[in-house]
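Counting along the sequence shown from 1, when you hit position 91 you're at 88 in our numbering, and nothing is skipped either side. Don't be surprised by glycine CBs; every beta carbon is placed ideally from N, CA and C. Only one structure is covered here, and it is reproduced in the block below.
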Amino acid sequence: MKKALLVLSDGRCFEGKACGFGGQSVGEVVFNTSMTGYQEILTDPSYAGQIVNFTSSHIGNYGICAADSQSDGAAVAGIVMQDLSAETSHFRSEISLNSWLIEQGVVGIYGVDTRELTRHIRDRGAMMGIISHDLSQEAAVEILEDSPKYGDSGLETRSSAADWVEEVEGRIVFSDLRERQKTRIVVLDFGVKYNILESLLSRDLEVVVIPGMSADVDTIRALDADGILFSNGPGDPMKMAAIFPRLAKVCEQFPCFGICLGHQLICAAFGAKIYKLPFGHRGPNHPVQDLGNNRVMMTSQNHGYAVSEDHFPAVLAVTQINLNDRSIEAFEHLAFPVFGVQYHPEAGPGPHDADGVFDAFVSILG
């Protein structure tokens, strides 16, 4: 097989074998601890601009099924694996992982000591890297040095649902001003996952998806919204400070629920500080404790930033924490029906312990 390289910004180089689309790709190298759900991870818009290193030793065993995708295609900048399964074994499989990576233009590398790579990132922090199929290490370093860093690449302006929503006409409403038939949720799309929309639809809600960056009170009021969901998404939330005043006004006018990036944006809109985690939380095995009833849930997470406890706004209350590092996992507003969670209650992939969070959202809609 053709040789490939993964070169990190600190100079560390990992050799492996080429897979997926030929060429090279630059991104922030992060690791995910999931044993299954590689397709959901690869299509999660929150991974835009990132090269995902899978800690699970075998990837691709059950192939790819279009129905499991979380957006209209691959979102990642690249993929790193220890072993890429040459054969697939699942009745729902429609195409092999490697063939799908080629179709989607995703550059990959396998045969890498992913455990050593994970330890390196854990000890030194997430960093930029480049996967190359045809360049020397020196040439790859030059490209990497000339590439923008993850937080400077403008990822926060992306949305995901606007490009695919008409493919499922009749199930999801997109900027539709028709008379409302059911309780209507406006989703501010910063990179929303399909499972979040499905979680709303399964509760008999009408869903309207609009680009998050352009949202304001007048637009949402014109859509006759009953509640607002701030979606997940990629990038550095502090790069979106220009829209914080608008987001705060939305929260003062409508019941609101934030997931992951949406959780961070609501907190920041009310004055909270956001900081970058050393290597992020990415996987389905993160324990979260509810401070009200002491219940512990296992949650699926994917984020590289978190809300800081320092100077936390007095109008917000922390309601849940991460038992691994004590970081903030959920909050509620003390005056308005507004709350958020840092984890992914829609769990794609991951456990379903936190699924009831969507029911909590429905309960505050009135």
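Please determine, among the options, the residue with the shortest C-alpha to C-alpha distance to residue i.
i, options, result
"F328", "S297, F254, N290", "F254"
"T52", "E249, L198, Y107, P348", "Y107"
"G188", "D352, V73, D215, V247", "V73"
"G102", "E249, M(-2), G209, G19", "G19"
"R121", "F251, F28, G337", "F28"
"A311", "M295, K0, A332, L202", "A332"
"M124", "L198, S86, L132, G46", "G46"
"P346", "D7, G13, T30", "T30"
"L98", "S22, C10, H87, L262", "S22"
"S228", "T216, S144, P208", "P208"
"A64", "D143, A137, P275, E91", "E91"
"D322", "E25, V304, H330", "V304"
"E377", "Q317, L313, D110, V26", "Since the first residue shown for the chain is -2 and the last is 363, residue 377 is missing from the structure and cannot be characterised."
"G151", "G24, L244, H117, L274", "G24"
"V77", "Q36, D110, H117", "D110"
"K273", "R116, Y147, H55", "Y147"
"P334", "G224, G353, A269, M295", "G224"
Within a Cβ cutoff of 6 Å, which residues of the same chain sit near residue i, ignoring the five residues on either side of it in sequence?
i, result
"F358", "F254"
"V293", "P284, Q286"
"R89", "C62"
"C16", "L81, N95, G105, Y107"
"G57", "L81, S82, L94"
"M237", "E153"
"D173", "Model confidence at D173 stands at a pLDDT of 46, short of 50, so the residue's coordinates are unreliable; what they give is reported in the following sentence. Taken in chain order, the list of residues that qualify is empty."
"K246", "V214"
Please go through the same chain and pick out, in chain order, the residues whose beta-carbon is closer than 7 Å to the beta-carbon of residue i, but skip the five residues on each side of it.
i, result
"D160", "Because the pLDDT of D160 is 48, which lies under 50, any placement of that residue in the model is unreliable, and the number read from its coordinates should be weighed accordingly. Cβ within range, chain order: D69."
"F241", "A265, A266"
"H300", "C257, G277, H278, Q339"
"N192", "Q67, E343, G345"
"L132", "Q21"
"V138", "V4"
"R119", "F276"
Could you check how far apart the C-beta atoms of residue i and residue j are, in whole angstroms? I think they sit under 8 Å.
i, j, result
"L5", "Q134", "Not confirmed; about 11 Å, so no contact."
"L39", "A71", "5 Å"
"F251", "A222", "6 Å"
"T85", "G60", "3 Å"
"I140", "I48", "That pair is no contact at about 14 Å."
"T368", "L362", "In the structure displayed, the chain extends from -2 to 363; residue 368 sits before or after that span and is not available."
"P231", "Y44", "7 Å"
"M295", "D352", "Contact doesn't hold; Cβ gap of about 12 Å is too wide."
"P42", "K190", "7 Å"
Taking 8 Å as the limit between beta carbons, can you name the residues of its chain near residue i, skipping five residues before and five after?
i, result
"V315", "L288, E306, F309, I325, A327, F328"
"R200", "F355, D356, V359"
"P234", "E153, L258, Q261, L262, A265, I271, Y302"
"H87", "N58, Y59, G60, C62"
Taking all protein chains shown into account, decide if residue i is buried (16 or more other Cβ within 10 angstroms of its Cβ) or exposed.
i, result
"H341", "buried"
"M(-2)", "exposed"
"E12", "exposed"
"N290", "exposed"
"E166", "Its pLDDT being 39, under 50, E166 is placed unreliably by the model, and the measurement read from it follows with that caveat. Label assigned to E166: exposed."
"E113", "exposed"
"H117", "buried"
"E37", "buried"
"A269", "buried"
"D7", "exposed"
Of all the beta strand (DSSP E) runs that stay within the bounds of the region 59 to 116, which reach a length of 3 or more residues? Within the region 59 to 116, the complete beta strand (DSSP E) segments of 3 residues or longer fall at 75 to 77, 104 to 107, listed in chain order.
Counting only runs that start and end within the region 5 to 48, where is the beta strand (DSSP E) found for 3 or more residues in a row? Whole beta strand (DSSP E) segments, 3+ residues: 10 to 17, 21 to 29.
At which residue ranges does the region 318 to 363 contain complete alpha helix (DSSP H) runs of 4 or more residues, listed in the order of the chain? If we require 4 residues or more, the alpha helix (DSSP H) runs fully inside the region 318 to 363 come out as 353 to 360.
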